[in-house]
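J.: Below you will find the structure I want to go over with you.
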Amino acid sequence: MAYRIGQAATVLDVSVDTVRRWADSGRLQTQRTEGGQRLVEGASLARLAEELAAGAGPGVERDRPPLVGASARNRLPGIVTRVTKDTVMAQVELQVGRHRMVSLMTREAADELGLAPGLRAVATVKSTNVVVEVPAEP
Numbered sequence: 700m701a702y703r704i705g706q707a708a709t710v711l712d713v714s715v716d717t718v719r720r721w722a723d724s725g726r727l728q729t730q731r732t733e734g735g736q737r738l739v740e741g742a743s744l745a746r747l748a749e750e751l752a753a754g755a756g757p758g759v760e761r762d763r764p765p766l767v768g769a770s771a772r773n774r775l776p777g778i779v780t781r782v783t784k785d786t787v788m789a790q791v792e793l794q795v796g797r798h799r800m801v802s803l804m805t806r807e808a809a810d811e812l813g814l815a816p817g818l819r820a821v822a823t824v825k826s827t828n829v830v831v832e833v834p835a836e837p
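Residues 700 to 837 in the working numbering are what the sequence shown spells out, letter by letter.
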């Protein structure tokens, strides 16, 4: 699987110029199409997404404004970093920005979706119960 530079930038939550610089420096593996367009290798993109989420590089330290609200259905674009299957179930890990998300599903569902490291995917979260905790004041 390979992704356009803009798609890789979206997954990594950085600018297109940053992705180009990382590709030029060899931090991201790329290939050229017959037309000369540069594509980012999916496995390389997944590795860098995990690296950035672990705080091992630029892009992570960027501050985010706090959320004012959120919908009941949250769609979080990311990239599949790991898929573990047994005879019945599959555990799928996605890197969503700096956050790692894990989903448990049937093996059949994972197979039908073609889930594999490097595949761009969207985690859609809908919950009828969310526990909110407030830490004690120091």
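For each residue, glycine too, the CB sits at the ideal point set by N, CA and C. None of these values were measured; they are calculated from a predicted model.
How many angstroms separate the CA atom of MET800 from the CA atom of ARG774?
T.: Stepping through the sequence shown from its first residue, residue 800 is reached at position 101. Stepping through the sequence shown from its first residue, residue 774 is reached at position 75. Distance between the alpha carbons of MET800 and ARG774: 12 angstroms.
J.: Cutting at 8 angstroms between CB atoms, please list the residues of its own chain near ALA745, excluding the five before and the five after it.
T.: Reading the sequence shown from its first residue, position 46 is the one you call residue 745. These residues qualify, in order along the chain: ILE778, VAL779, THR780, GLN794, PRO816 and GLY817.
J.: I'd like the span of the alpha helix (DSSP H) that includes LEU747, first residue to last.
T.: For the purposes of this step, residue 747 is identified with residue 48 of the sequence shown, where counting begins at 1. Where LEU747 is concerned, the enclosing alpha helix (DSSP H) stretches over 741-752.
J.: With a floor of 4 residues, list each alpha helix (DSSP H) that falls wholly inside the stretch 779-820, ordered by position along the chain.
T.: List check, alpha helix (DSSP H) in window: 806-812.
J.: Could you tell me which of GLN736, LEU727 and THR823 sits nearest to GLU749, measuring between CA atoms?
T.: Residue numbering aside, residue 749 sits at position 50 when the sequence shown is read from its first letter. Of the listed residues, the one whose Cα sits closest to GLU749 is LEU727.
J.: Starting from GLN730, follow the alpha helix (DSSP H) in both directions and report where the run begins and ends.
T.: Along the sequence shown, one-based indexing puts residue 730 at 31. Counting along the chain, GLN730 falls outside any alpha helix (DSSP H), though it belongs to the beta strand (DSSP E) covering 729-731.
J.: Confirm, please, whether the CB-CB distance from VAL787 to LEU814 is below 8 angstroms.
T.: Position 115 of the sequence shown, counted from the first residue, corresponds to residue 814. Position 88 of the sequence shown, counted from the first residue, corresponds to residue 787. Contact flag unset, no.
J.: Short check: CB of LEU711 to CB of LEU751, under 8 angstroms?
T.: The residue you call residue 711 lines up with position 12 of the sequence shown. The residue you call residue 751 lines up with position 52 of the sequence shown. Yes, Cβ-Cβ distance for LEU711 and LEU751 is below 8 angstroms.
J.: Run through the DSSP bridge pairs and tell me what PRO776 is partnered with.
T.: The residue given as residue 776 occupies position 77 in the sequence shown. Paired residues: VAL821.
J.: With a threshold of 16 other CB atoms inside 10 Å of the CB of GLU792, please say whether the residue is buried or exposed.
T.: In the sequence shown, the residue the question calls residue 792 occupies position 93. By the neighbour-count rule (16 or more Cβ atoms within 10 Å), GLU792 is buried.
J.: Using 10 angstroms around the beta-carbon of SER826, count the other beta-carbons present and answer buried if the total reaches 16, otherwise exposed.
T.: Within the sequence shown, the letter at position 127 stands for residue 826. Exposed, by the Cβ-count rule.
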